[in-house]
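The structure under discussion appears below in the form of structure tokens.
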Amino acid sequence: MQELLQNQELLWVLTVVYDLGLAIILYRFFGKYGLYAAVILGIVLGNLQGGKVSQLEFFGYSFTASMGAILYSGIYFATDVLNEKFGREEANRAVMLGFVANIAVMITLLISVQFKPSQITGSALEVHNAISTLASYSPVFVIGSLIAYLVSQTFDVWIFHKIKV
């Protein structure tokens with residue numbers, strides 16, 4: 001199994017399948033609320049792992065990919081299903097929920113790193129440093145990511161609605 005996961009391209013494909021599968025499962029069990037959750041999870045986790053980049057090779061072409069970008073497939077899928085089944089307003093609501101949730105997570109991380117780590121547990125400093133790293137992305141990166149998310153998702157919802165009508 002470990003050797004299988006060393007294949008970066010296969011791991012990328014499995015991650016996309018996992019992401020889309022999670023959106024489908026959430027929709028199956030929770031309806032539109034599950035799709036809201038898929039959008040929120042996708043944007044929050046996508047931004048948390050956005051700084052993690054890997055080198056991939058597909059069909060002889062090598063490229064660097066952000067691991068956060070993988071999760072956008074589930075976001076687009078969820079908003080398109082919301083648009084198809086529940087209408088444009090519900091799809092736009094999911095986009096805004098994802099936007100607000102992402103801002104809340106970033107603010108919460110920034111606040112949490114202001115607390116000094118405990119000296120009682122050995123891992124407290126390591127966890128503090130890891131959260132500090134996640135929270136310390138350049139503000140330009142975070143703002144740019146959120147603007148790109150809003151623009152791309154709003155356009156996706158709009159164009160899907162136009163094609164549908």
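Going by the UniProt record's numbering, the final residue of the sequence shown carries number 165, and the count climbs one at a time with no gaps.
Even for Gly, the Cβ is constructed at its ideal location relative to N, Cα and C.
>> Going by beta-carbon coordinates alone, are A65 and S73 separated by less than 8 Å?
In response: no
>> According to DSSP, simplified to helix, strand and coil, what is S123?
In response: coil
> With a Cβ-Cβ cutoff of 8 Å, do V95 and Q6 count as a contact?
Replying inline: no
> Straight-line CA distance for W158 to F141?
Replying inline: 25 Å
> Thinking C-alpha only, which one of L20, G51, G122, W12 is nearest F58?
Replying inline: W12
> Should the region 95-108 be called in touch with the region 36-47, which here means at least 3 C-beta pairs below 8 Å?
Replying inline: yes
> Touching or not, the region 74-87 and the region 20-29, by the rule of three or more beta carbon pairs under 8 Å?
Replying inline: yes
> If you draw a straight line from the alpha carbon of I70 to that of E9, how long is it in whole angstroms?
Replying inline: 12 Å
> In terms of alpha-carbon separation, which member of P117, S136, G68 lies closest to V16?
Replying inline: G68
>> Which residue marks the beginning of the alpha helix (DSSP H) containing V39, and which one marks its end?
In response: 8-48
>> Pull the bridge partners of Q2 from the DSSP assignment, please.
In response: In DSSP, Q2 forms no bridge with anything.
>> As an exercise, report each continuous beta strand (DSSP E) stretch of at least 3 residues that is fully enclosed by the region 91-164, in chain order.
In response: none
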